[in-house]
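In the working numbering, the protein residues as written are 49 to 420.
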């Protein structure tokens, strides 16, 4: 009876807050709302818009589209079974990797794999400015620690969006860093697009790119935790998150300020925008000296030159949001190669860019199937 009363109060409070907008503080305790989100199907709230089952991710066994690796890769990766793999996850720009724990929970539950996450974006420590090179070094360090923590287990990297691009760059820097990669809709561009972005960067016009301007507009600070929860629940993107993911985001994505008593997002909008503004455009090391690896000062490209990495893997491409265009994907198909020239596997999905946060059940099935 007590749970029912609390549920009704939470429903009324959320609906009332949604009707008022984000300017009025809702009369509820955040812990009660988070508990309600976790233990009650959020469709009752009229907020959660669940992602429809994917005909690809949920293809029946023995038919439909297979998520297995190419035959050549399967032969070479026969030791990479789901009972022995260790999965390291790096999330997208603006979302802490720990928010993906509901996804990794399902991977562990449905397989014998072990999992870990890496936080590679120094958003809250402004003394260490956000930097692609530093983030790639953080991926390398996390991968080396993960391999040391799980000796004998093949290391599989799962990178969502920018996290996948960082993982691939790290694998180019350190050969053999990962045994296999799963890049989920990662922004990786063909040379012509990188040349256009280089012009925009030189003309200081990257601020007008929608991703940058959108990040700048995002609210960063709130007076109370309840006000922050109201703001999150009012945003269309967060309403599509799986309820467990949404609850984890509210736990991991918000922090109390040391001074002022307010609440803020862990990742600042300025730092998030910085990664978009400084997207690597290294067409050649002579054109972009900053592309030279800090570990070894030699004229070898290491971020945008995708042929430098030789790692098995799969690239999952979302046609809905087109983070990478069809031209980008065609270029990647001809460029991404594993050891011995074995090609990457490419899979196209009709769902959006944030599917790992919206459908952890389907994406976990995909990960386990790929590991097998």
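The beta-carbon is built from N, C-alpha and C at its ideal position, and this holds for glycine as well.
On a predicted model such as this, the values are computed, not experimentally measured, just so you know.
Going by Cα to Cα distance, which pick from the options is closest to residue i?
i           : options            : result
residue 409 : 157, 238, 141, 310 : 157
residue 368 : 286, 394, 402      : 402
residue 396 : 415, 370, 406, 356 : 370
residue 225 : 364, 189, 208      : 189
residue 289 : 404, 414, 413      : 404
residue 233 : 365, 202, 222, 330 : 365
residue 137 : 360, 311, 229      : 229
residue 191 : 222, 414, 329      : 222
residue 359 : 373, 390, 415, 377 : 390
residue 329 : 381, 373, 380, 250 : 250
In the DSSP output, what is residue i paired with across the bridge?
i           : result
residue 395 : 364
residue 385 : 358, 391
residue 303 : 312
residue 165 : 137
Just to confirm, is the Cβ distance from residue i to residue j under 7 Å?
i           : j           : result
residue 304 : residue 146 : no
residue 327 : residue 245 : yes
residue 259 : residue 324 : yes
residue 383 : residue 354 : yes
residue 166 : residue 135 : no
residue 387 : residue 292 : no
residue 263 : residue 270 : no
residue 274 : residue 142 : no
residue 187 : residue 214 : yes
residue 312 : residue 268 : yes
residue 219 : residue 357 : yes
May I ask you to report which of helix, strand or coil DSSP gives residue i?
i           : result
residue 295 : helix
residue 324 : helix
residue 134 : strand
residue 269 : strand
residue 205 : strand
residue 417 : helix
residue 229 : strand
residue 257 : coil
residue 372 : coil
residue 243 : helix
residue 218 : helix
residue 290 : coil
residue 251 : coil
residue 146 : helix
residue 234 : coil
residue 199 : coil
residue 159 : coil
residue 318 : helix
The region 251–258 in contact with the region 227–241 per 3-pair CB rule at 8 Å: Output reads no: the region 227–241 does not touch the region 251–258.
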